[in-house]
Structure formats: structure tokens, C-alpha cells
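Here is the structure we will look at, set down as C-alpha cells.
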Amino acid sequence: MSQETTSNDFLFEITHGKNIHVISLTGDKTLHQFKEEINNTTKVPISLQKILFKSKPKPNLKDDQQLIKNLGLKPDPYVNKILLIGSTLETVIASSNPKAVTSATTSSSSSKDKELIEPQSPSGIKLSQLPEHKKVIDKGLPTNAEKVEKQKDLPLPNSINGVRNKRGDEIRLTFKSDLQELWVQSKEKTEKIPYITIRDIESESIVGNEDYHLMSLQVGNSPQNKLWFYFVPSQYVRAIKYTLLGVDFPLYKY
Numbered sequence: 105m106s107q108e109t110t111s112n113d114f115l116f117e118i119t120h121g122k123n124i125h126v127i128s129l130t131g132d133k134t135l136h137q138f139k140e141e142i143n144n145t146t147k148v149p150i151s152l153q154k155i156l157f158k159s160k161p162k163p164n165l166k167d168d169q170q171l172i173k174n175l176g177l178k179p180d181p182y183v184n185k186i187l188l189i190g191s192t193l194e195t196v197i198a199s200s201n202p203k204a205v206t207s208a209t210t211s212s213s214s215s216k217d218k219e220l221i222e223p224q225s226p227s228g229i230k231l232s233q234l235p236e237h238k239k240v241i242d243k244g245l246p247t248n249a250e251k252v253e254k255q256k257d258l259p260l261p262n263s264i265n266g267v268r269n270k271r272g273d274e275i276r277l278t279f280k281s282d283l284q285e286l287w288v289q290s291k292e293k294t295e296k297i298p299y300i301t302i303r304d305i306e307s308e309s310i311v312g313n314e315d316y317h318l319m320s321l322q323v324g325n326s327p328q329n330k331l332w333f334y335f336v337p338s339q340y341v342r343a344i345k346y347t348l349l350g351v352d353f354p355l356y357k358y
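Sequential numbering of the sequence shown, starting at 105, is according to the working numbering.
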């Protein structure tokens, strides 16, 4: 009498944006190796991956050394469906490149494929010139604003003083790496924002004070849900993007 054997292979259908990928792994692979395979397939770094299984019960993904076969998933031929949330490293790097521009001679069809790195308002007006931002900027540089290190990308300090919020109040940005949280601290309150909830970061130099940037953080999935900060020192802009979006800062310029 033959005995039915259970396959040691596991199939995964990964939905990432508009793309769908299918990968197969043996059950002896670790969860970390599974995440590496997702990185190889989707180009989303492990540190940026948010993996959501559609099946129930949801597997525990906290221990990267546990084996795939011990996650409680169904083996081949069953397809385990996953929703992957996270930006590719190329997108993150592009968003930190202030030199990206579009050529005036580029055709309209190809220009649609190019991503503008710095957000542009209608008619080419800079964000800092729009009334809702200009009224904050016109309050002036905060008295305890950080000194600018021109032409440098510096490692992120524990906190940055002398930044303004959308109301024009002076605030401190504190980066809690141990908690993976950004603390926005004013005299009245402290707002704690988990890094994982930050979906996008945009920045643009301030007209007339180009050593400082205004910066927006999209919190959650809605592009309308943004926090605005003003007079962010230019030397920390790149490191802020890398830190809050969950990738290591790869390069310092001295």
C-alpha cells in the first residue's frame, strides 16, 4: 500500500503594485533566504519589504532563521498568495538625487516615463513660492537652526533642531533607531511616527535660502496625508530619506 508524500516545495504568488511574480522555494530554506529571493525578484530590499499573506492563519515572520516548512504554509501544488509593499532601491536612490531633470527636447511620450525627483508645482513655480508654504518660510530661519555644511551629505544625527512645522512652530526631529520611530517634538506635544508608516518623502530647496529644504512625509497610503517640515539642513536630506524609508545610507561625501 503506497503512502502519500507531502511535497517539500512551496509556491508563492507575489503581488507588488501592478506586477505579479511567482517563485518556488524548498521548505528547508529560511525566512531570510525567502526575503532574499523576493529582493532578487522584485528589487525591493529586505529592509523595505512589508509582506502580507492573504491566507489565514498569518505566519509569524519575526524570526528570520525559521524554516519555510515551519511557517504553517501549504506546500506545492497550493499557491501561497502574498501582497508585497515596499519601494525598489532604484526608486529610493532616485528620490534622493536632486540633479534629475527632464530635457526640453524630450518627446511627450518618453517624458511620461521619467520620474521628476523634486516635486514641481503648476507653471514651474517652486513649492517654497506657493502661498501656503511661503507664509511659513517668511517667519524666517529659527534661532536654533542647525548650521549648514555645504556640498556634503552627512550621517543623520540623533536629532535635528530648529525646524518649522506647517503651523510655523519651531520643532525638533528626533530619530529613534531603536524604536524605528520619528519623534516630532514641539513645546506642546510629541508626535511619534513609525518608520514603516512613511510611504514617500519629497524635498525641495527653499528659494532664496537654498542651503535649507522644505520636506514632506507621506504617512499612510493616501498622497494627501502629508507632514510638512521647513528649514531642514541640506546635508541631512539624503540621510533622512534613507533612514525613514528603511535602507542603509550608502555614501558620505566629505
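Glycine included, each C-beta is placed from N, C-alpha and C at the ideal position.
Can you tell me the Cα-Cα spacing of residue i and residue j, whole angstroms?
i: K291; j: R342; result: 27 Å
i: P261; j: I229; result: 32 Å
i: P181; j: L115; result: 7 Å
i: V240; j: I275; result: 13 Å
i: T247; j: W332; result: 19 Å
i: L152; j: E285; result: 15 Å
i: K243; j: T347; result: 29 Å
i: K270; j: K238; result: 10 Å
i: P161; j: H136; result: 20 Å
i: V323; j: R303; result: 6 Å
Per DSSP, which residues does residue i bridge with? Please list them.
i: T192; result: According to DSSP, T192 bridges with nothing at all.
i: P298; result: E285
i: E306; result: S320
i: K173; result: Partner(s): none; K173 has no beta bridge.
i: R268; result: E274, Y334
i: L152; result: According to DSSP, which records beta bridges pairwise, L152 is partnered with nothing at all.
i: I186; result: I118, F157
i: S263; result: T278
What does the Cβ neighbour count give for residue i, buried or exposed, with the cut at 16 atoms within 10 Å?
i: T294; result: exposed
i: I124; result: exposed
i: S111; result: exposed
i: E236; result: exposed
i: S326; result: exposed
i: N164; result: exposed
i: S320; result: buried
i: L283; result: exposed
Taking residue i as part of the alpha helix (DSSP H), name the residues at either end of that continuous run.
i: R342; result: 338 to 348
i: E140; result: 135 to 146
i: E236; result: 235 to 241
Quick check on the DSSP output: the beta strand (DSSP E) that includes residue i runs from which residue to which?
i: T130; result: 123 to 130
i: E117; result: 113 to 120
i: E274; result: 274 to 280
i: V311; result: That residue, V311, is in no beta strand (DSSP E); it is neither H nor E in DSSP.
Measure how close the beta-carbons of residue i and residue j come, nearest whole angstrom, since I'm counting them as under 8 Å.
i: K158; j: I300; result: Actually they are not in contact, since the Cβ atoms of K158 and I300 sit about 19 Å apart, beyond 8 Å.
i: I305; j: L258; result: 17 Å between Cβ atoms; not a contact.
i: T141; j: I186; result: Correcting the residue type first, residue 141 is Glu in the shown sequence and not Thr. About 12 Å; that fails the 8 Å criterion.
i: L129; j: I189; result: In fact, because the Cβ distance is near 20 Å, the residues do not count as touching under 8 Å.
i: I310; j: S232; result: 5 Å
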